[in-house]
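Beneath this line is the structure, given in structure tokens, with notes to follow.
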Amino acid sequence: MVTHVAQSYGLRINVDKIKVMTTDGSQTTVHLSGVQIKQVNLGSNQYLFSTVVDPKEMPCFCLRHDVDALLWQPHPDQQDMWEHISTFNALGYVQASKQDKKFMTCAPNHSYSALCECVRRVFIYRQPTPLSTVLYNRKEGRQVGQVAKQLVATLEAHDPVLGFQATNERLFVLTTKILFIIKVNTEKE
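Residue numbers (numbering that gives the first Met the number 0): 0 to 188.
Put into structure tokens, the structure is as follows:
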């Protein structure tokens, strides 16, 4: 049906490049010109941010999945168009509580994610890393193998934030008067 309508307008549909996206998560099977189209459900998840992880690829986008945030890399020329490349634990929950958030991003190597408020504060959430010492959870009595750290940077300015960009080692925050550079990752940590 869809191909016949498209052809009546002089359009040609390449069935190998089409994905079906549903907003309610319902199961859908679609056939165009006798070819079954794969279903991808992205409509029920909140969009958080997009970022360039690899300059040779399309920008990634991050969606909220329950309390977490999942980073997806689109590959329009491949059979599996969407590749899950990283998860930021509890970031979906955390960002929902930030009423003054203006920007969100992550490092290209996914070592941290960051959130910036309209003025002054930047929140940095590192991915969990293994511990070099033994640590026990007091309530459960079990050993903890890794810990994720949160950092808060307060900018020495009261000017609105205009831009926000992350590299693997640094976070750049542009206000109306100053470019702040926050060193996030170092070799000695």
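By construction, the Cβ of each residue, glycine as well, lies at the ideal position given by its N, Cα and C atoms.
Being a predicted model, the structure only gives us computed values, none of them experimental.
Report task. Work out the CA separation of Met80 and Tyr46 for me, nearest whole Å. Result -> Answer to the nearest angstrom: the Cα atoms are 18 Å apart.
Requested in this report: Let me know the beta strand (DSSP E) ranges lying completely inside the region 114-158, each 3 residues or longer, listed in chain order.
Outcome: Unbroken beta strand (DSSP E) runs of no fewer than 3 residues, entirely contained in the region 114-158, are found at 120-125, 128-135, 142-146, 149-153, following chain order.
Query raised in the report: beta strand (DSSP E) containing Ala68: first to last residue?
Result: 67-73
**Report entry** For Met103, the residue or residues it bridges with in DSSP
**Finding:** Leu114.
Report task. Please classify Leu69: is it buried, with 16 or more other beta-carbons within 10 angstroms of its beta-carbon, or exposed? Result -> buried
Query raised in the report: DSSP three-state call for Gln164: helix, strand or coil?
Result: Gln164 falls in the strand class under three-state DSSP.
Query - Close beta carbons around Tyr92, own chain, < 6 Å, minus the five adjacent residues each side - result: Correct list, in chain order: Val66.
Query raised in the report: Residue range of the beta strand (DSSP E) that Val52 falls in?
Result: Looking at the DSSP string, Val52 is not in any beta strand (DSSP E), and its letter there is neither H nor E.
Query raised in the report: Nearest-angstrom Cα distance between Thr175 and Arg119?
Result: Cα-Cα distance, rounded: 12 Å.
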